[in-house]
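Protein sequence lines correspond, in order, to chains A and B.
Note that the first sequence covers residues 5 to 205 in the working numbering.
Note that the second sequence covers residues 5 to 205 in the working numbering.
Let me begin by presenting the structure, written as structure tokens, before commenting on it.
There are 2 protein chains.
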Amino acid sequence: MQRNQTAYVILGILAIHPHQSGYEIRKTIQQSVGFFWGESYGQIYPTLKRLGAEGLIVPDVSASQTRPKRQEYSLTPAGHLCLQEWLAVPYREDPPRDEFLLKLFFGRDAAPGVSIQHIRRFQEENRRLLTTLLELEAMARAHNSQSLPGFPFWMLTLNFGVAQLRSALEWSESALALLSTGEAGLVSNPQPTNSTVPEKP
Amino acid sequence: MQRNQTAYVILGILAIHPHQSGYEIRKTIQQSVGFFWGESYGQIYPTLKRLGAEGLIVPDVSASQTRPKRQEYSLTPAGHLCLQEWLAVPYREDPPRDEFLLKLFFGRDAAPGVSIQHIRRFQEENRRLLTTLLELEAMARAHNSQSLPGFPFWMLTLNFGVAQLRSALEWSESALALLSTGEAGLVSNPQPTNSTVPEKP
DNA sequence: ACACACATGTAATTGGTTACATGATTTC
DNA sequence: GAAATCATGTAACCAATTACATGTGTGT
């Protein structure tokens, strides 16, 4: 097996952004790959220790300007090599589990209106996420970036997210339309129907 | 806490299709919700026992025509109620983890060509899955179904899958285009470029 | 005779979340 | 001086996969 995924995210983040502490690494993860990857402290701190013991990262001793005590780390050459090797290995897709789709699939056995509610929530969350991603994209384009060597890859994943969300939102409209004829029932929350899918500006 | 997801899939499957054994339940899962949900035997058999002990399902005693010894189960009224309650609870989305996107994101640090390889594989797998789903859809439409009360929900999830896959495939084309200018490197496997995205017939 | 699909299960391990414990620093 | 956020960590728990063990029936 040997799937230490957490370790590799940390290596990858440190490769882009050296001298970060566990706390910062987590924040960076949330802000950059957050929409398709998450890590908890309970996973990060122990892994940081382990990576240090294996010589893949080193705790920064210098530049003790840090206000509260905190430990920053950087990649060693061995760590960078390790990251590169992992990147070359075919990706492994872990078994998918989408509770939203599952509940929808079993919608026949749900009380009337339930599935519609789920789809509504799905829509709202996807809209929210989509606007976040579009903002991120705009910032990235406008701001510095561009010339950074990581930029195209970062854009690629962003574009992927945007494309998936748009398609999910389109689907959700047709899904609601389909269920409204026949389901309906007690459909609360008519909602001011805030526009529809955000478009790129 | 309290997310017994496995238990609910089993209840849901038995609600649609009673008198199934653990082995069959697993097959049914793979064939129906397989593209967004998976279960292993190590999870199914113990859960079956537990659900029996809780009175949510009953082992079928009758109709012992089954060639090899095997235990079939059916929902009890309590089990059906339990399923309904669970369906009404807002879905919980578990933290996303997409190793493909992660490796792509760190593509800057990969050897040349690596990211392209990943995308190629991604494309192939999505094409395969898409054709499978389209076949399923065609069968479902043509075949019996239609009138079954579960049909619209089943279609909804299928349509979702198809939409997501199409959008992913479109994205992958543009991604390859983007990486080909600059990456390239030693791009093996020029591949006979088997058409592109399958269209609906 | 051999292999493969049917069929049921258990044990070990792991990957991961959650909750808890603790304390410093900033901001209101 | 209270609250929020920065910051690091540990322990308990759990869901799930994997590998193993075992045996029957079917087809070649």
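We treat Cβ as the ideally placed atom computed from N, Cα and C, and that holds for glycine.
Whether residue i touches residue j by CB criterion (8 Å)
i	j	result
Ile61/A	Tyr77/A	yes
Leu160/B	Leu133/B	no
Tyr27/A	Arg74/A	yes
Leu183/A	Gln127/A	no
Thr80/A	Gly59/A	yes
Ser171/B	Ser178/A	no
Gly56/B	Pro50/B	no
The ligand MN heavy atom lying under 7 Å from the CB of residue i
i	result
Asn130/A	Summarising the ligand content, the structure contains no ligands, and the ligand MN is consequently not present.
Rounded Cβ spacing between residue i and residue j (contact assumed at less than 8 Å)
i	j	result
Leu106/B	Val13/A	7 Å
Leu15/A	Gln24/A	Contact flag wrong, Cβ pair sits at about 12 Å.
Ser137/A	Phe40/A	The residue you asked about is not Ser; residue 137/A is Leu in the sequence shown. Their Cβ separation, rounded to whole angstroms, is 11 Å, which puts Leu137/A and Phe40/A out of contact at 8 Å.
Glu103/A	Glu97/B	7 Å
Thr10/A	Gln34/A	In fact, because the Cβ distance is near 14 Å, the residues do not count as touching under 8 Å.
Ile123/A	Ser36/A	Contact flag wrong, Cβ pair sits at about 29 Å.
Trp162/A	Leu140/A	Inspection of the sequence shows that residue 162/A is occupied by Leu rather than by Trp. That pair is a contact at about 6 Å.
CB contact below 8 Å: residue i versus chain A
i	result
Gln96/B	One detail in the question is off: residue 96/B reads as Arg in this sequence, not Gln. By this cut-off, Arg96/B is an interface position.
Leu105/B	yes
Leu182/B	yes
Pro116/B	no
Gln127/B	no
Asp64/B	no
Gly26/B	no
His23/B	no
Ala188/B	In this predicted model, Ala188/B has a pLDDT of only 49, less than 50, meaning its place in the structure is not dependable; the value taken from the coordinates is given anyway. No - not a single Cβ of chain A is within 8 Å of the one on Ala188/B.
Gln168/B	yes
Arg124/B	no
Within-8 Å CB hit, residue i to chain B
i	result
Gln9/A	yes
Gln47/A	no
Ala82/A	no
Pro50/A	no
Ala179/A	yes
Arg54/A	no
Gly59/A	no
Arg101/A	yes
Gln35/A	no
Cross-chain neighbours of residue i in chain B, by beta carbon under 7 Å
i	result
Val13/A	Leu106
Gly111/A	Phe157
Proximal residues of chain A, C-beta to C-beta of residue i below 7 Å
i	result
Asn163/B	Trp175
Interface residues of chain A facing residue i [CB-CB closer than 9 Å]
i	result
Ser119/B	Leu91, Phe157 and Leu160
Gly154/B	Phe109, Phe110, Gly111, Arg112 and Asp113
Ala19/B	Phe110, Arg112 and Asp113
Beta-carbon neighbours of residue i, restricted to chain B and to distances below 9 Å
i	result
His147/A	Simply none; closest approach about 18 Å.
Where residue i meets chain A, residues with beta-carbon distance less than 8 Å
i	result
Ser171/B	Ala167, Gln168, Arg170 and Ser171
Neighbour list for residue i in chain B, Cβ cutoff strictly below 8 Å
i	result
Gln88/A	Asp113, Ala114 and Ala115
TODO: Could you say if the stretch 83-91 of chain A and the stretch 88-101 of chain B meet the contact criterion of at least three C-beta pairs nearer than 8 Å?
DONE: no
- [ ] Would you check if there are 3 or more beta carbon pairs closer than 8 Å linking the stretch 152-159 of chain A to the stretch 99-116 of chain B?
- [x] yes
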